[in-house]
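Sequence order for the protein chains is A and B. To convert a position in the first sequence, counted from 1, into our numbering, add 283. To convert a position in the second sequence, counted from 1, into our numbering, add 51. By construction, the Cβ of each residue, glycine as well, lies at the ideal position given by its N, Cα and C atoms. Report on one structure; see the data block that follows.
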Amino acid sequence: MKFIVSIILIALLSFAACLYFPWWSIAIVAFIVAALIAQSAGMSFLTGFLALFLLWGVLSFWISSSNEHILAHKVSLVILKIDSPYLLMLATALIGGLVAGFAAMTGSFLRKKKVSPSY
Amino acid sequence: MRVIPFIIFGFITAALIIILNTSLLLPAPLGKLLSPQHGIWQNAEPVNEDFTANLSFPQLTGKVNVYLDDRLVPHIFAEQENDAYFVQGYLHAKFRLWQMELQTHAAAGRASEIVGDVALNHDREFRRLGMVYAAENALREVEKDTVMKSECDAYTAGVNAWIESLNESSLPIEYKLIGYKPEKWNNFKTALFLKYMAYDLAAHENDFEMTNAKNFFSKEDFAKLYPAIPDSADPIIPKGTVYSKPKVELKIPATADSLYFNNTSPISLTEQKPDKDNGSNNWAVSGKKTQSGYPILANDPHLGLNLPSLWYEMQISTPNFNAYGVSFPGSPGIIIGFNDSCAFGFTNGGRDVRDYYEIKFKDESRQEYWFNNEWKKTDFRFEAIKIKGKPDYIDTVAYTVFGPVMFDKNFTGNKTTGNRDYAVRWKAHDPSNELKIFNMLNRAKNYADYSAAVVNLHTPGQNCVFATKSGDIAIRTQGEFPAKWKGQGDFIMPGTDSSYMWQAMIPMDETPFQYNPERNFVSSANQRPADSTYPYYLGSGYTPYRGITINRRLNAMNNITVDDIKKLQTDNYNVFAEMAAPVFLKNMKENELSAEEKKYFNILRTWDFRNDVTSKGATVFYLTWAHFEDTVWNDEFAKAPKTIMKPYESTLLEAILKDSAFKFLDDINTSPTETLADEVTASFKKAVVELKDAESKGRLEWAKYKDTKVVHLTKLDPFSRLHLPIGGGTHCINAAKSNHGPSWRMIVSLTPQTEAYGVYPGGQSGNPGSKYYDNFIDTWVAGKYYAIWVMKQSEESDKRVKGKITFAK
């Protein structure tokens with residue numbers, strides 16, 4: 284339950300934070316949520332990672348679909364040197380996931396003691 | 052708290068963010084760029100984007116409605132004229148901000164701020180040419196004119212209204228990729244933009260090259276290699292026009308003719324040069340030659356083919372006028388277009404208005420220079436050039452009575468010139484108010500209005516074509532040009548006294564023009580403005596060929612329809628080849644050709660002189676001519692100074708047409724005397740080597756060989772359109788070369804209900820993530836047009852309206 288709640292919370296709060304703050308506010312959100320909802324370090328990483336992997340993956344897919352991937356074709360060539368909108372979405376999701384994952388993991392260490400898995 | 056893992060993973064997280072937020076390790080800040088709410092994804096415009104919005108700005112005085120049609124062309128309806136310019140500025144910025152800033156930064160010599168010191172030489176050259184100085188002079192003149200000042204102020208306020216609305220996520224994608232932010236617009240930037248056009252269109256000269264050529268060749272050879280007037284000249288204002296005695300009498304210095312023949316050491320430097328093929332076609336046919344009985348006007352300016360396009364199409368309707376056409380993002384008004392009474396267009400005049408003077412400084416300090424028998428004090432201008440990631444570069448430029456000392460010991464354009472100093476005198480330095488012409492043409496009703504408008508155009512000089520619904524047609528080879536004696540300014544001139552200075556400008560009432568001529572059409576295609584009886588020197592380097600085709604065709608045409616004009620404007624006929632190819636066919640030593648060479652020779656023999664998309668003959672001819680030029684000139688030029696110019700194509704063509712024993716045909720390095728047949732055959736054999744190579748790569752067909760492309764201003768391939776199957780090229784009316792060509796094709800039939808067509812190789816949006824980014828290109832490639840919709844506000848519910856933006860106070 285904590286796992287699911289954390290994912291949803293990180294994703295929603297990251298979305299809200301990015302409306303007003305720089306992109307790396309996702310790290311602060313993941314950090315705080317992981318610090319408040321106790322999970323093991325590994326699980327915290329996974330929650331942060333999945334929350335942003337899903338959020339950024341879905342957002343980029345949704346934006347790109349309504350653009351018929353016009354831009355993603357071009358930018359994937361510029362950045363990845365391969366014409367692949369989906370690879371660009373995957374890269375987007377991975378970047379979001381990694382940053383939030385590490386931030387969440389860091390947040391989990393803020394708690395006093397090691398938590399045992401509780402799901 | 053578990054301190055050690057907290058610190059370790061805190062550090063990893065922070066490091067990850069820093070890496071992804073900067074370009075320290077990665078080529079780009081990927082986190083910032085790929086964040087779906089901030090980065091590039093925000094530029095992926097939904098294909099069904101609805102641009103509808105209701106906006107309010109305190110700067111406005113009335114209401115403005117903008118209707119965006121299915122091609123994203125805005126139709127502006129403003130209650131107050133200046134509000135229309137505000138909205139024009141707003142829309143230019145909304146759709147084209149990045150290019151507006153890039154172009155004005157480049158004009159101001161500020162490219163290094165964006166791209167780093169790779170652009171330092173460009174920036175120094177532009178500052179030393181006096182681009183900023185010129186824009187300052189122009190702005191002072193514009194701002195003296197209250198009408199133009201308020202027009203520019205409104206435009207600037209509109210651009211800034213858009214810039215102020217931007218945040219990180221709504222920035223144009225180029226700012227995100229390169230990593231900088233736009234600054235505020237101002238009227239000075241508009242002046243800079245216009246100077247950028249002046250640079251592009253009126254800064255071409257070959258003074259250093261020609262000086263070296265004059266030094267290197269004998270007087271007789273020089274006269275043969277660089278004749279002033281080609282025989283095939285068919286000037287804009289036809290031969291036989293009578294000109295009155297010139298009002299300006301020039302005092303020609305005694306040394307004017309003898310200067311530089313075999314007397315000085317060669318000069319070597321490399322300058323940036325605007326494309327010499329910046330040309331264009333325009334014409335207007337009178338109602339006597341059209342089926343409808345009303346005039347038709349056509350214009351296609353040939354410029355570099357870029358994305359986002361130089362042009363932005365729009366309709367501006369105010370209580371004072373209703374104009375439609377293309378505008379320059381960066382400047383108010385409609386530049387090429389029409390209104391409810393008339394139509395107007397331009398081709399480049401191509402006159403030489405940029406000359407160099409050799410300055411004699413007293414000493415290294417450059418504080419004083421010798422002028423009219425005394426030491427005169429130099430003015431210094433300090434140019435601080437900001438460089439991305441590096442300290443500023445300060446360039447100190449000396450200003451003389453002639454203008455800025457562009458080349459000296461501190462700046463040699465990359466190559467040393469020795470210890471000489473050259474000041475540049477450029478007509479664009481003089482105060483002028485070019486925007487006024489568009490303000491006046493947009494509301495022009497008749498020939499008198501046109502005549503009053505065009506005299507405001509000083510630099511760049513343009514051939515202004517005009518036609519009205521009342522049946523008038525006109526052309527004027529407009530500009531404020533220095534009155535020069537024959538040859539003045541073709542070479543570097545002495546700057547130690549005033550004798551070689553420009554003595555006067557040609558009075559405006561001595562500008563060659565035509566108004567309702569007997570032949571019932573007017574035309575221009577960058578050929579000479581007038582024949583040799585015109586009393587002022589016109590310089591050389593005009594290209595005669597497109598003009599020959601246009602005049603020949605228009606002369607023969609009657610009962611002309613819009614479709615006829617469309618066919619003419621996109622015609623791939625190569626009149627240069629029509630003259631040159633027969634020389635090759637006649638002089639080829641066929642018995643010396645191999646079977647393979649004969650195959651290509653047959654392609655040339657059966658060619659119809661059309662540079663059509665699939666034509667193989669066009670490729671064979673192109674390469675044969677290129678090798679022929681090299682074969683003829685390379686021996687003579689092998690020992691020439693590096694900074695030199697080969698003779699014009701027209702010079703060589705006319706030489707071999709009238710003199711098969713043309714002196715330069717002989718290869719000076721061999722003992723036998725080569726004939727025209729020897730040179731033609733040798734050139735052809737060299738061409739065949741390349742033709743075989745092209746054929747093996749599947750590129751023998753002309754469009755594939757020529758490989759036209761429209762390139763994004765960053766040169767990024769994915770943002771460009773490559774390998775476009777379009778015919779034409781140099782010397783064809785359809786002057787589509789590799790990266791240069793018809794940048795806007797417009798045809799206006801001035802019937803009571805205007806019938807107009809237009810297309811440009813680009814799209815209305817500058818955003819590579821928009822479906823409107825390049826959607827006109829295929830139409831342009833196919834030689835097709837869009838029917839222009841001059842909207843009436845009552846047509847608000849027409850199905851072509853895709854969005855409405857209202858602006859109010």
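Contacting residues, own chain, Cβ-Cβ under 6 Å from residue i (five flanking each side not counted)
i: R661/B; result: N623, Y624
i: A129/B; result: V115, A135, T369
i: I320/A; result: K285, S289
i: F517/B; result: F395, Y501, A525
i: N133/B; result: S201, A205
i: A486/B; result: The residue you asked about is not Ala; residue 486/B is Leu in the sequence shown. M199.
i: G390/A; result: F314, A317, A318
Per DSSP, the bridge partner or partners of residue i
i: M365/B; result: G376/B
i: C515/B; result: F397/B, R527/B
i: E806/B; result: S800/B
i: D120/B; result: V852/B
i: W421/B; result: W426/B
i: L7/B; result: An answer regarding residue 7/B cannot be provided, because it is not within the stretch 52 to 860 covered by chain B.
i: W477/B; result: R405/B
i: L775/B; result: T759/B
Neighbourhood of residue i by C-beta, 7 Å cutoff - its chain only, sequence neighbours within 5 removed
i: A628/B; result: F660, F672
i: Y596/B; result: V626, F627, H782
i: H353/B; result: D328, N329, G330, S331, A786, H791, G792, P793, S794
i: F532/B; result: R402, V404, G512, M556, I557
i: H156/B; result: A162, E164, I165
i: I839/B; result: Y375, A807, Y808, G809
i: Q323/B; result: H173, E176
i: K439/B; result: S163, E164, I165, V166, G167
Residue i beta carbon near the ligand SAM (any heavy atom closer than 7 Å)
i: I287/B; result: As for the ligand SAM, it is missing from this structure, which has no ligand bound.
Span separating the alpha-carbon of residue i from that of residue j
i: L589/B; j: A355/A; result: 52 Å
i: A374/A; j: S359/A; result: 10 Å
i: A162/B; j: D174/B; result: 6 Å
i: D251/B; j: K855/B; result: 36 Å
i: S327/A; j: P80/B; result: 26 Å
i: A376/A; j: L338/A; result: 8 Å
i: I365/A; j: D168/B; result: 30 Å
i: K466/B; j: S319/B; result: Its pLDDT being 47, under 50, K466/B is placed unreliably by the model, and nothing is read from it.
i: T341/B; j: W334/B; result: 13 Å
i: Q88/B; j: K460/B; result: 52 Å
i: D825/B; j: K766/B; result: 15 Å
i: G230/B; j: S86/B; result: 15 Å
i: F688/B; j: T721/B; result: 15 Å
i: I601/B; j: S574/B; result: 8 Å
i: N390/B; j: S800/B; result: 12 Å
i: K640/B; j: L708/B; result: 18 Å
i: G779/B; j: D663/B; result: 6 Å
i: K290/B; j: P580/B; result: 10 Å
i: G522/B; j: Q804/B; result: 14 Å
C-beta contact flag for residue i and residue j at 8 Å
i: L751/B; j: K667/B; result: yes
i: H791/B; j: G355/B; result: yes
i: T463/B; j: N497/B; result: no
i: N493/B; j: F372/B; result: yes
i: G181/B; j: V452/B; result: no
i: A807/B; j: I798/B; result: yes
i: D430/B; j: Y408/B; result: no
i: C515/B; j: F397/B; result: yes
i: S382/B; j: M365/B; result: no
i: Y363/B; j: Q815/B; result: yes
i: R178/B; j: P482/B; result: no
i: F314/A; j: A387/A; result: yes
i: F57/B; j: F385/A; result: no
Unbroken beta strand (DSSP E) runs of length 3 or more, entirely within the segment 319–368 of chain B: which are they?
Those beta strand (DSSP E) runs which fall completely within the segment 319–368 of chain B and span 3+ residues are 331–336, 347–355, 363–368.
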